[in-house]
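Each remark here refers to the structure printed beneath this line.
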Ligand code: ASP
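Numbering (the working numbering), first residue to last: 2 to 311.
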């Protein structure tokens with residue numbers, strides 16, 4: 002049997018178990034399951050990894066539970082500026098968007114950038130123009146408004162802080178989202194989407210949209226989607242570093258990802274996690290925070306949803 006599978010994440014951070022009611026936990030679990038199930042069905046029928054990760058991330062972007070698409074955090078100026086990327090392991094083609102407003106599904110725009118433009122990374126107002134030109138769904142500012150995010154922003158604003166969405170313990174919502182997949186044809190793909198950090202300034206761009214930092218896929222090694230404090234992920238070029246360790250040092254995905262997430266990043270002060278799948282279908286989901294929303298389903302029909310360390 003050809004190995005295949007999909008993994009997803011909904012962000013990493015300091016999540017308080019005590020503040021997660023049974024109802025809230027269940028809502029997250031259901032949303033995560035819905036996301037990987039839709040991608041999995043596609044893979045099971047012989048569909049491609051690119052389509053599977055795209056579909057899974059769209060489900061998470063459309064859920065207001067996560068910090069991506071609807072539910073994105075507020076910037077310092079009170080806007081929602083979103084970053085997203087997608088990469089195909091077979092061709093090493095990629096598309097990405099940074100600081101884009103009003104686009105319902107930034108990951109779809111990243112996909113269109115890859116397929117329909119001559120560029121890899123586009124940003125801001127011109128990226129929005131391109132989205133309109135390509136007929137993508139555009140929403141009003143109100144669509145992205147979430148009461149809980151507004152409160153979280155006000156708090157960060159008053160404290161003069163820029164924070165990871167998931168570190169706001171009083172917040173009912175967490176997380177950047179991402180998906181990685183291996184299809185039956187041996188192709189890998191990765192996608193990530195985020196509203197970034199709460200109260201970010203100056204058009205700040207995180208790791209999610211940067212190929213090699215927060216998102217990377219290469220059929221020779223693995224597909225990776227990261228979540229955490231983006232500045233550190235950019236400086237450590239996390240996703241590509243893991244792939245490079247596999248390629249040049251012949252480390253397994255497990256060894257490479259443990260080293261980067263549990264040693265390299267913490268030594269710099271970087272917090273977060275990642276999901277990764279290699280070309281044989283081996284899966285990893287390390288994180289150096291208290292928790293990470295995550296899930297997977299593989300060719301053996303095994304599935305998992307987790308929030309805390311378990
Ligand atoms: N990595 C994202 C960023 O820095 C944030 C996150 O993963 O929650 O924009």
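The beta-carbon is built from N, C-alpha and C at its ideal position, and this holds for glycine as well.
Check: Beta-carbon spacing of residue 76, residue 205 below 9 angstroms; Outcome: yes
Check: Same chain, Cβ closer than 7 angstroms to residue 145, neighbours up to 5 away in sequence not counted; Outcome: 71, 73 and 81
Check: Any non-hydrogen atom of ligand 1 within 8 angstroms of residue 234 CB; Outcome: yes
Check: 8 angstroms contact criterion, which residue 94 and residue 117 should meet: CB distance rounded; Outcome: Residue 94 to residue 117, Cβ: 12 angstroms. No contact.
Check: Extent of the continuous alpha helix (DSSP H) run through residue 120; Outcome: Segment: none, residue 120 is in no alpha helix (DSSP H) and carries neither H nor E.
Check: Nonlocal neighbours in the same chain, by C-beta distance under 7 angstroms from residue 108, ignoring five residues either side; Outcome: 55, 58, 59, 62, 85, 87, 192 and 194
Check: Delimiting residues of the beta strand (DSSP E) encompassing residue 10; Outcome: 6 to 14
Check: Integer Cβ distance of residue 16 from residue 308, believed to fall under 8 angstroms; Outcome: 7 angstroms
Check: Pairwise C-alpha distance: residue 253 and residue 247; Outcome: 6 angstroms
Check: Beta-bridge partners of residue 226, as assigned by DSSP; Outcome: 216 and 276
Check: Option nearest residue 113 by Cα separation, candidates 100, 125 and 96; Outcome: 96
Check: Backbone secondary structure at residue 78 - three-state DSSP; Outcome: coil
Check: Contacting residues, own chain, Cβ-Cβ under 6 angstroms from residue 1 (five flanking each side not counted); Outcome: The structure shown does not extend to residue 1, since the chain is modelled only from 2 to 311, so the question has no answer here.
Check: Neighbourhood of residue 18 by C-beta distance below 7 angstroms, restricted to the same chain and skipping five residues each side; Outcome: 309
Check: Counted within 10 angstroms of its Cβ, other Cβ atoms place residue 188 as buried (16 or more) or exposed; Outcome: buried
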